[in-house]
């Protein structure tokens, strides 16, 4: 799928196009290629006379592979978060900033771009050149990451109540929820660190541009704040995970304790019953008139004595 945008009077506008023609490509300020077919990729490569980045290339983690400048323009490969099957996923978007044009190549429909498109349709995105579009996307991405961290924090508060205050809660459910939140928070932290690297690279490119350098500094400041918040959430998740495992261990120890005490309580009566279950001919108590009730009483007393002792010690 292909989206084309133009800058008109300082405002970004979407152009309704059926296909990419040489005139459209020459006049467009931003061309967004989403999950492109082979035909669309060949068409773009032919018009701009450059090879499009492959999926394996944009997933490289080395700085030299994600942020570089060549004869085709400024290249920035940045991670974006989206949800799939109820879990957060990350995907890389390739940006190519050329004189008078921004090209983006992505395989997923990231919510950041969907929201960006909605804002463009309402005339809310102001830009004077393609670099402003790139910075607006990264700024929008930072805002969405902040919203996602807020959602994680709210969910974490619910799990915190479940683990620390709800006496009837199933702690195994708490561990599952914490694992889900830890996975989401980890992906957010990864995107935040990647965006920090992207902004640092762009700052070197706009070193002489005071206005855009200030915009980069503001985004960088927001990213630093969000990184601190993500670190706080990471520590709280680990604390709740350790607490949950500790409570589960306590419950298991209580169960083992009950079985251990039960074994000690029933051991003396079992021993007495075993003695009088022997098949010896000479056992004086067998002919005793009160032998049976006496042995039953002895078994009861031998079982009650350990229980009373444990109760007195406060072990029960």
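In full-length UniProt numbering, the protein residues as written are 1 to 316. Yeah, the Cβ is synthetic: ideal placement off N, Cα and C, and Gly gets one too. Computed from a prediction, not measured in an experiment: that's the story for all the values here.
- In its chain, beyond the 5 residues on either side, 196, 199, 200 and 203 have a beta carbon closer than 8 Å to the beta carbon of residue 220.
- Straight across, the Cα-Cα distance linking residue 294 with residue 253 is about 37 Å.
- For residue 218, the enclosing alpha helix (DSSP H) begins and ends at 210-275.
- When Cβ pairs closer than 8 Å are counted between the two stretches, the segment 267-287 is seen to touch the segment 299-311, the count reaching three or more.
- Short of 7 Å from the beta carbon of residue 230, and not among the five residues preceding or following it, lie these beta carbons of its own chain, in chain order: 149, 185, 188, 189 and 192.
- DSSP, reduced to helix, strand and coil, places residue 29 outside both helices and strands of the structure shown, so it counts as coil.
- Residue environment analysis places residue 163 among the buried positions, since at least 16 neighbouring C-beta atoms fall within 10 angstroms of its C-beta.
- Secondary-structure assignment with DSSP links residue 94 through a beta bridge to 77 and 105.
- For residue 154, the enclosing alpha helix (DSSP H) begins and ends at 130-164.
- By the neighbour-count definition (other C-beta atoms within 10 Å, threshold 16), residue 174 is a buried residue.
- In this structure residue 44 is not in contact with residue 75, their Cβ atoms being roughly 15 Å apart against a cut-off of 8 Å.
- The DSSP-derived three-state label of residue 35 is coil.
- Per DSSP, residue 15 is one residue of the beta strand (DSSP E) stretching across 11-15.
- Here residue 5 is bridged, per DSSP, to 14 and 30.
- Residues 77 of the same chain have their beta carbon placed closer than 6 Å to that of residue 66, with the five preceding and five following residues left out of the count.
- Residue 154 places its beta carbon 7 Å or farther from that of residue 11.
- Counting C-beta pairs with one atom in each stretch, the segment 25-37 and the segment 97-115 have three or more that are closer than 8 Å, which means they touch.
- A distance below 8 Å between beta-carbons, with the five flanking residues on each side excluded, links residue 2 to the following residues of its chain, in chain order: 17, 19, 20, 31, 32, 33, 34, 36 and 40.
- Distance from the CA of residue 282 to the CA of residue 262, rounded to the nearest whole angstrom, comes to 33 Å.
- Residue state for residue 300 is assigned as helix, using DSSP reduced to three classes.
- The beta carbons of residue 28 and residue 122 sit about 20 Å from each other, so the pair does not count as a contact at 8 Å.
- Remark: C-beta atoms of residue 135 and residue 156 do not approach each other more closely than 7 Å.
- By a beta-carbon distance limit of 8 Å, residue 118 does not contact residue 137. Their separation comes to about 13 Å.
- For residue 214, there are no CB contacts under 6 Å within the same chain when 5 residues up- and downstream are skipped.
- Among the bridge pairs identified by DSSP, residue 69 is matched with 74.
- Bridge partners of residue 84 according to DSSP: 87.
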